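Structure, as structure tokens:
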Amino acid sequence: MTSSKAKIERRTLSPREMLSKAADNTQVMRLRTVRDVLPGGHMAALTPVLVDWQASKIQAAEPFVILRNVNYGGNPIERTTTLHSVRMPLQGVRFAEFILVPPKRMGPRAPVQHAQLRFVFEPEYHPELMSLAGARTGTDSRFPDLVLSWETWLPPDLKYNAVKGLDSSIYQLTLRAFAGPQRFLEETLRGRAWYAYRLALPGGEIGLVELLKVVLALGDGVGRNTLSRMLEEGEEAWLSQAPEDTADASARRDWQMLKEHIHQPRDYGDSRMHTASEDEYYNTMIHSCATLARYTVLVAAHRLVERGYTDGLDLKKLPEAALGEPEAWMREAAHAKLGGLFMRGPLAVSYAMRHPQTLPDKIPGQLAKAGLIARRDGKPLRVHYTPQGDRPYDVTGADAVDYSNS
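Under our numbering, the first residue of the sequence shown carries the number 22, and numbering increases by one thereafter.
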């Protein structure tokens, strides 16, 4: 019998492998989740979603973007992850949700929760897996919804620690993209449910598409900067350990080509669409999955207001679209021993009271007061998705629960 704790030999993807995938959007990357790493040592399975700007048609009559590194079809039990390129229309968004995922057997008031954004598309606008787009065998190449999740990006042997995460320099940040059914399956296997708050952006579908554009633009920018930084830091280490037939001038050329391919900065003419370098690291309190999802919704809302879309909003209660700034005690707490943590505990409580947006369970209420959460029977519309109760999917796609017309 093979021990489940047998030592795992890491496999580092080469620049040539990564370039090959980048050059062909029909390729699928199937990875061993805890074995395969990028140059620099971070898990390849956690690679951020990137926009293929050259292949996308944003200004077309039927606009779409090509997304790379969308997770669909992996098996969390055997620890495999499958990353696809996806053709995703920039129209036909049926509804969007701010989703909270509390730990197992805990409810929506849990102090620690994961947050993510979900976009559900009309059937004729479902995103399409490019690896199957040309199939003629009856294969279903489409899926109903996209889930975008801000997460820590770690090496396989490093576990996330909330206290250490107060030091903004420790954990890299990544925006991961999932086909919704894949994400729900993985969280169901962990015993976690979705508490989904239906978003209400001004402008109807225009507002929902704006939110989708904002989160993808932010995620693409952070992802490219993080990848560029990791490649810069890992180049010499990878070349020194590379097989003899790759550690030559051609390998360096591949590396340079990869860096040039990844580093493609975009100018959106809006400072809110760019994060400062200190914002490109995960921070437990100020740059967490929840605060970044909230920030994305608020950036989209403010951009819509500036274009004249204000329907349903209470502008007096619309929070500013801003991320918090690290405070000295955070870094100190991240490296403190037990006594130091107790000394800084009151500072954390005080910060959370002054900045309630750092607490995931407080965010839906803030958005609802501003008019950014849909209502049903006078209350913010929340759907509790579980495998045993209301499910987000059935045989027709994402039609199992739809209160979009309520």
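Built from N, CA and C at the ideal position, the CB exists for glycine as well. None of these values were measured; they are calculated from a predicted model.
In this structure L67 is not in contact with T101, their Cβ atoms being roughly 14 Å apart against a cut-off of 8 Å. With a cutoff of 8 Å on beta-carbon distance, W215 and F205 are scored as near each other. As a beta-bridge residue in DSSP terms, D73 pairs with I87. C-alpha of R130 to C-alpha of M351: approximately 24 Å in a straight line. When the five nearest sequence neighbours on each side are left out, the beta carbons in the same chain lying within less than 8 Å of the beta carbon of Q112 are those of E83, P84, Y146, E226, V230, in order along the chain.
Counting only runs of 4 or more residues that sit fully inside the segment 106 to 132, no alpha helix (DSSP H) segment turns up. Note on H105: 16 or more other CB atoms within 10 angstroms of its CB, so buried under the neighbour-count rule.
Sequence-distant partners of G333 (beyond 5 residues in either direction) whose C-beta falls short of 7 Å from its own C-beta, in its chain, are A221, P223, G392. In the DSSP assignment, M50 falls outside any alpha helix (DSSP H) and lies within the beta strand (DSSP E) extending over 50 to 53. Only buried fits T195, as 16 or more other CB atoms lie within 10 angstroms of its CB. Counting C-beta atoms within 10 angstroms of its own C-beta, Y93 has 16 or more neighbours from the protein chains shown and is therefore classed as buried. Nearest Cα to R324 within the set T33, A354, P347, Y289: Y289.
Nearest to A395 by alpha-carbon distance, out of A183, V133, Y218, G128, is Y218.
Counting the other CB atoms within 10 Å of its CB gives H135 a total of 16 or more, which places it among the buried residues. Under the three-state reduction of DSSP output, L104 falls in the strand class.
In this structure, the CA atom of A321 is about 9 Å from the CA atom of L233. Boundaries of the alpha helix (DSSP H) around Q387: 384 to 390.
If you draw a straight line from the Cα of Q378 to the Cα of A355, it is about 21 Å long. The DSSP-derived three-state label of R32 is strand. Of the candidates G240, I283, R273, the residue whose Cα lies closest to the Cα of R250 is I283. With a contact defined as Cβ atoms closer than 8 Å, H63 and L175 qualify at about 7 Å.
Residue burial annotation: D398 is exposed, with fewer than 16 other C-beta atoms found within 10 angstroms of its C-beta. Taking C-beta atoms as the reference points, P132 and L380 count as a pair closer than 8 Å. Here V416 is exposed, its C-beta having fewer than 16 other C-beta atoms within 10 Å.
If you draw a straight line from the Cα of R328 to the Cα of G228, it comes to about 11 Å.
Counting along the chain, L319 sits inside the alpha helix (DSSP H) bounded by residues 310 to 327. D411 sits in a strand when the DSSP states are folded into three classes.
Closest option to N304, judged by alpha-carbon separation, among Q409, R37, S77, W171: W171. A65 and D57 have their C-alpha atoms roughly 6 Å apart. In this structure Y330 is not in contact with S190, their Cβ atoms being roughly 38 Å apart against a cut-off of 8 Å. With 16 or more other Cβ atoms inside 10 Å of its own Cβ, R139 counts as buried.
The beta-carbon separation of V91 and S77, rounded to 14 Å, does not stay under the 8 Å limit for a contact. Of the candidates Q137, R365, A238, A238 places its Cα closest to the Cα of S292. Distance from the Cα of P60 is smallest, within the candidate group L248, L210, V114, for L248.
For K185, the closest of D73, M306, M151, Q277 by C-alpha to C-alpha distance is M306.
DSSP places K400 within a strand segment (E or B) once states are collapsed to three.
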